[in-house]
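These notes are about the structure you will find just below.
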């Protein structure tokens, strides 16, 4: 798998998330996916993503930076959204917030197998104080 192939697969994954096309998630995510060091499996990973969309009805994944070095990929995602209630333990409650997520992926068999995610919670906290 080369850098362009990996980037194309990832962009397809992000399009899948933005369309909430959950039946196609398995085309991009490995059955034994791990998330932040825990074995999730595809069904639990899907449940997590579906829950994110329920909590944030206008959730949209916007790729701002993308670096591919097969079998790894790093992405900086931007979000500008209106969570309905509590987000990452913060009482957002319908306020519009912007934040980023830095995500590192490891691919196996051309699917996302390992995910490490760090969300800029401090950016949300600063907006809620303003």
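Residue numbers (the working numbering): 1008 to 1137.
All C-beta atoms, glycine included, are put in the ideal place defined by N, C-alpha and C.
None of these values were measured; they are calculated from a predicted model.
> How many Å lie between residue 1101 and residue 1063 at the Cα?
Replying inline: 9 Å
> With a CB to CB cut of under 6 Å and the five nearest residues on each side skipped, what residues in its chain are close to residue 1130?
Replying inline: Here the set comprises 1106.
>> Give me the residue from 1134, 1118, 1010 and 1111 with the minimum Cα distance to residue 1124.
In response: Answer by Cα proximity: 1111.
>> Measuring only the C-alpha atoms, how far is residue 1069 from residue 1038?
In response: Near 25 Å, if we compare the C-alpha coordinates of residue 1038 and residue 1069.
>> Quick check on the DSSP output: the beta strand (DSSP E) that includes residue 1015 runs from which residue to which?
In response: Not the beta strand (DSSP E): residue 1015 falls in the alpha helix (DSSP H), residues 1010-1026.
>> Let's see if you can read the secondary structure: which residues bound the alpha helix (DSSP H) around residue 1135?
In response: 1128-1136
> DSSP on residue 1038, reduced to helix/strand/coil?
Replying inline: Strand, per DSSP.
> Where do the ends of the beta strand (DSSP E) carrying residue 1075 lie?
Replying inline: 1069-1076
>> Residues in the same chain with beta-carbon distance under 8 Å from residue 1103, minus the five sequence neighbours each way, listed in chain order, please.
In response: 1087, 1088 and 1089
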